[in-house]
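Q: Dropping the structure in here first, questions after.
2 protein chains.
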Amino acid sequence: MRARDIAEPFPTVSLDADAMAAVRTMAAERAPGLIVCGDDGRPYTVLPGSQVLNFIIPKYVQDQPGLARAFGERASDELSTKLVRHTVRDMVPKAADADEIPVVHPDATTIEVAAVMAKMHSPLVAVVDGERMVGAITVSQLLTHLLPV
Amino acid sequence: MRARDIAEPFPTVSLDADAMAAVRTMAAERAPGLIVCGDDGRPYTVLPGSQVLNFIIPKYVQDQPGLARAFGERASDELSTKLVRHTVRDMVPKAADADEIPVVHPDATTIEVAAVMAKMHSPLVAVVDGERMVGAITVSQLLTHLLPV
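The listed protein sequences derive, respectively, from chains A and B.
Each residue of the first sequence is one higher than the last, beginning at 906 in the numbering used here.
Each residue of the second sequence is one higher than the last, beginning at 906 in the numbering used here.
Have a look at this one:
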């Protein structure tokens, strides 16, 4: 069993995509994150959902979540305005290093995929053939194939 | 909209549960992780799928994933034996601190839930009423409710 046999379609967005559209995609697909592709079309980084929340929830609310109850309405409005006029590039953590994205070749074995996920503490790997993204593999999909029947 | 209205059932396991059974649950439910409950029944920590892989994939394979291709069969066997005769307790990271699990009260607002997820970089929060776990909220579920219609 190779990575190409397990890979499934996974939502990707470009760095210049509209932030609101990207977040809507994440919500609609029930995805825990999105794969962000760079200008060359190759996966550049993974944008986890928690990072989106980190972008849209004001720092003072994060510091004292209990306050959110009192500031609910105002915070909701700030949220929407924060996503409008921003791109995915604005939400991606600044320290993102292109080397950090978990990527495997379509020929990678299941154990190889598992090793990459384990090493990078990632719930997801992108399967990339040269310049083309074939799909992605989540940890639960992988476990299904790794476990003895 | 409160946490209790969004929370959905989420697979939980106890610390003393059989490791193999727990991993099968994660795979069958297509869950990115499991909520681990302590001896008192309250959520104790989250066991991410990548941590399971970290437990079962030998360190030398993690260090050089390319080697996995050559050692495929042997590594697969080691994997199965590693899960047998182990419990969830063995797979949970040793440094796990009970304070680190993202937990909210059923009355928490969506913004409050978002703040907790953002602060803790978690794709998931457990919704707990006293001693009872009501369910869990994933980041994509939350985004569905946070975004303007």
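Just so it is clear, CB atoms sit at the ideal spot from N, CA and C, and this is done for glycine as well.
Computed from a predicted structure; not experimentally measured.
(1) Do B/Leu1052 and A/Arg929 have their C-beta atoms closer together than 8 Å?
(2) What are the start and end residues of the beta strand (DSSP E) that includes B/Ser1066?
(3) Helix, strand or coil for B/Gly1040? Go by DSSP, reduced to three states.
(4) Give a yes or no on whether 8 Å exceeds the smallest Cβ distance from B/Arg990 to chain A.
(5) Any idea what DSSP makes of A/Asp1068, helix, strand or coil?
(6) With 8 Å as the threshold, decide whether the Cβ of B/Lys1024 is near any Cβ in chain A.
(7) Report, in whole angstroms, the separation of the C-beta atoms of B/Gln956 and B/Met996, which I expect to be a contact under 8 Å.
(8) Using a Cβ-Cβ cutoff of less than 8 Å, which residues in the same chain neighbour A/Leu1048 once the five nearest sequence positions on both sides are dropped?
(9) Between A/Pro916 and chain C, is the shortest Cβ-Cβ distance under 8 Å, so that the two count as touching?
(10) Hey, how far is the Cα of A/Ala912 from the Cα of A/Pro1011?
(11) Please report the straight-line C-alpha distance between B/Ala1003 and B/Val918, rounded to a whole angstrom.
(12) What separation, rounded to the nearest whole angstrom, lies between the Cα atoms of A/Met906 and A/Thr1015?
(13) Under 7 Å Cβ to Cβ from B/Met925, same chain only, skipping five residues before and after it: list those, please.
(14) If the cut-off is 9 Å on Cβ atoms, which residues from the segment 1014–1048 of chain B count as contacting chain A, listed in chain order?
(15) With DSSP as the reference, label A/Ala1003 as helix, strand or coil.
(16) Compare the C-beta of B/Val928 against all C-beta atoms of chain A and say whether one is closer than 8 Å.
(17) For A/Val884, decide whether its Cβ has a neighbour in chain B, counting only Cβ atoms nearer than 8 Å.
(18) In chain order, what residues of the same chain lie with their CB nearer than 7 Å to the CB of B/Ala922, ignoring the 5 residues before and after it?
(19) Got a sec, what are the start and stop residues for the beta strand (DSSP E) A/Val951 sits in?
(20) Using a Cβ-Cβ distance cut-off of 8 Å, determine whether B/Arg909 contacts chain A.
(21) Over the uninterrupted alpha helix (DSSP H) stretch that includes A/Thr917, give me the two end residues.
(22) Would A/Leu958 and A/Val966 qualify as a contact pair, given that the criterion is a beta-carbon distance under 8 Å?
(23) Measuring only the C-alpha atoms, how far is A/Met1025 from B/Lys964?
(24) Please report the residue range of the beta strand (DSSP E) in which A/Val941 lies.
(25) Could you name the residues of the same chain whose beta carbon sits closer than 6 Å to that of B/Pro953, not counting the 5 residues immediately before and after it, in chain order?
(26) Below 8 Å on the Cβ atoms is my guess for B/Val1008 versus B/Pro948; work out the distance and round it to an integer in Å.
(27) Am I right that B/Leu1029 and B/Ala1019 are in contact with their C-beta atoms under 8 Å? What's the rounded C-beta distance?
(28) Sort A/Val1021, A/Ala1013 and A/Ala932 by Cα distance to A/Asp1034 and report the nearest one.
(29) Which residues in chain A sit within 8 Å of B/Ile1006, going by Cβ to Cβ distance?
A: So, from the data block:
(1) Taking the first residue of the second sequence as 1, we reach residue 1052 of chain B at position 147. Taking the first residue of the first sequence as 1, we reach residue 929 of chain A at position 24. B/Leu1052 places its beta carbon less than 8 Å from that of A/Arg929.
(2) Shown here, chain B extends from 906 to 1054; a query on residue 1066 of chain B therefore has no answer.
(3) Mapped onto the second sequence, residue 1040 of chain B falls at position 135. The answer is strand: DSSP assigns B/Gly1040 an E or B state.
(4) Along the second sequence, one-based indexing puts residue 990 of chain B at 85. No, no contact with chain A.
(5) Because chain A is modelled from 906 through 1054, residue 1068 of chain A falls outside the range shown and cannot be assessed.
(6) For the purposes of this step, residue 1024 of chain B is identified with residue 119 of the second sequence, where counting begins at 1. Interface residue, yes.
(7) As a position in the second sequence, residue 956 of chain B is number 51, starting the count at 1. As a position in the second sequence, residue 996 of chain B is number 91, starting the count at 1. Confirmed, about 6 Å.
(8) Sequence index remark: in the first sequence, residue 1048 of chain A carries index 143 (1-based). Nothing listed; no residue qualifies.
(9) Any reference to chain C falls outside this structure, whose protein chains are A and B.
(10) Along the first sequence, one-based indexing puts residue 912 of chain A at 7. Along the first sequence, one-based indexing puts residue 1011 of chain A at 106. A/Ala912 and A/Pro1011: Cα-Cα distance of roughly 8 Å.
(11) Along the second sequence, read from residue 1 onward, the residue named residue 1003 of chain B stands at position 98. Along the second sequence, read from residue 1 onward, the residue named residue 918 of chain B stands at position 13. Bear in mind that a pLDDT of 49 at B/Ala1003, under 50, signals an unreliable position, so the model cannot answer this.
(12) Walking along the first sequence from the start, residue 906 of chain A turns up at place 1. Walking along the first sequence from the start, residue 1015 of chain A turns up at place 110. Those two C-alpha atoms are separated by around 7 Å.
(13) One-based indexing of the second sequence puts residue 925 of chain B at position 20. The residues are Leu988 and Val989.
(14) Thr1014, Thr1015, Ile1016, Glu1017, Val1018, Ala1019, Ala1020, Val1021, Met1022, Ala1023, Lys1024, Met1025, His1026, Ser1027, Pro1028, Leu1029, Thr1043, Val1044, Ser1045, Gln1046, Leu1047 and Leu1048
(15) As a working note, residue 1003 of chain A is residue 98 in the first sequence. Here A/Ala1003 scores only 49 on pLDDT, less than 50, and its place in the model is too uncertain to base an answer on.
(16) The residue you call residue 928 of chain B lines up with position 23 of the second sequence. True, the Cβ-Cβ gap to chain A drops below 8 Å.
(17) Residue 884 of chain A lies beyond the stretch modelled for chain A, which goes from 906 to 1054, so this question has no answer here.
(18) Residue mapping note: residue 922 of chain B aligns to position 17 of the second sequence, counting from 1. Result list for B/Ala922: Thr992 and Val993, in chain order.
(19) Along the first sequence, one-based indexing puts residue 951 of chain A at 46. From DSSP, the beta strand (DSSP E) with A/Val951 extends over Pro948 to Pro953.
(20) Position 4 of the second sequence holds residue 909 of chain B. So, not an interface residue.
(21) If you number the first sequence from 1, residue 917 of chain A lands on position 12. Premise fails: A/Thr917 lies in the beta strand (DSSP E), Thr917 to Ser919, not in any alpha helix (DSSP H).
(22) As a position in the first sequence, residue 958 of chain A is number 53, starting the count at 1. As a position in the first sequence, residue 966 of chain A is number 61, starting the count at 1. Against a cut-off of 8 Å, the Cβ pair of A/Val966 and A/Leu958 comes out as no contact.
(23) What you label residue 1025 of chain A is simply residue 120 of the first sequence in a count that begins at 1. What you label residue 964 of chain B is simply residue 59 of the second sequence in a count that begins at 1. Rounded to the nearest angstrom, the two C-alpha atoms are 13 Å apart.
(24) Position 36 of the first sequence holds residue 941 of chain A. Residues Gly938 to Cys942.
(25) In the second sequence, counting from the first residue as 1, residue 953 of chain B sits at position 48. Gly938.
(26) Taking the second sequence and counting its residues from 1, one reaches residue 1008 of chain B at position 103. Taking the second sequence and counting its residues from 1, one reaches residue 948 of chain B at position 43. The Cβ separation is near 6 Å, so the contact holds.
(27) One-based indexing of the second sequence puts residue 1029 of chain B at position 124. One-based indexing of the second sequence puts residue 1019 of chain B at position 114. B/Leu1029 to B/Ala1019, Cβ: 13 Å. No contact.
(28) Taking the first sequence and counting its residues from 1, the one referred to as residue 1034 of chain A is at position 129. Among A/Val1021, A/Ala1013 and A/Ala932, the Cα nearest to that of A/Asp1034 is on A/Ala1013.
(29) What you label residue 1006 of chain B is simply residue 101 of the second sequence in a count that begins at 1. Here the premise fails: no neighbours, minimum Cβ distance about 14 Å.
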